[in-house]
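Residue numbers (this note's numbering): 1247 to 1400. Backbone N, C-alpha and C define an ideal beta-carbon position, used for all residues, glycine too. This report concerns only the one structure given below.
In structure tokens form, the structure reads like this:
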């Protein structure tokens, strides 16, 4: 668990990290360099979930060595499905970039948008608490949570 005491906000007990796959931790279906090591470190504190429509059909192979649970979206409404998944968890940080991440961000305690090689959907960007340029920056925020506190304090 990760305790976040952010001045001006309620104390947060973060238990789950929900990561979008394509465009967030993967590019063209392959994990981005540096993600694997950071996920291993974060798994000591958090339960990590990868949620995806699996556009490239590679998530299971790419995540097989990672301490994560993989959730492949099956419904016709991925935005709603992602939101429902996050709503079912307590104490969640979400990281994503796509339009189908917007409702997931609304349900999260902390939402981090990644503007990577695929860019970031404006709807998701507007629902985020924080914005970074690279997934490793987002994961490093969780490894060094004082960075989150410094950014989100009121």
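Practice task
List the endpoints of the continuous alpha helix (DSSP H) containing residue 1324.
Solution key: 1324-1333
Need the endpoints of the beta strand (DSSP E) that residue 1377 sits in, please. 1376-1378
For residue 1341, which option in 1330, 1308, 1383 and 1324 has the closest C-alpha, if you only look at C-alpha atoms?
-> 1383
Tell me whether residue 1402 sits in a helix, a strand or coil according to DSSP, three-state version.
Look at the range of the chain in this structure, 1247 to 1400, and you will see that residue 1402 is not part of it.
Quick check on the burial criterion: 16 or more other C-beta atoms within 10 angstroms. Buried or exposed for residue 1288? buried
In terms of DSSP beta bridges, what is residue 1267 paired with? For residue 1267, which the question treats as bridged, DSSP gives no partner whatsoever.
For this session: Can you say whether residue 1357 is buried or exposed, counting buried as having 16 or more other CB atoms within 10 angstroms of its CB?
Result: buried
- [ ] Give me the Cα-Cα distance between residue 1399 and residue 1353, rounded to the nearest whole angstrom.
- [x] 20 Å
Length at least 4, wholly inside the stretch 1277-1315: the alpha helix (DSSP H) runs in chain order: 1281-1288 and 1305-1309
field: Beta-carbon proximity list for residue 1395, same chain, < 6 Å, skipping 5 on both sides
entry: 1252
* **Continuous beta strand (DSSP E) stretch holding residue 1383: start and end** => Careful: residue 1383 lies outside any beta strand (DSSP E), inside the alpha helix (DSSP H) at 1381-1389.
ask   = Do the stretch 1263-1270 and the stretch 1329-1345 meet, that is, are 3 or more Cβ pairs less than 8 Å apart?
value = yes
According to DSSP, is residue 1336 part of a helix, a strand, or is it coil? coil
**Asked** Ends of the beta strand (DSSP E) at residue 1357?
**Response** 1356-1360
- Query: Who are the Cβ neighbours of residue 1255 in its own chain at under 6 Å, not counting the five residues just before and after it?
  - Reply: none
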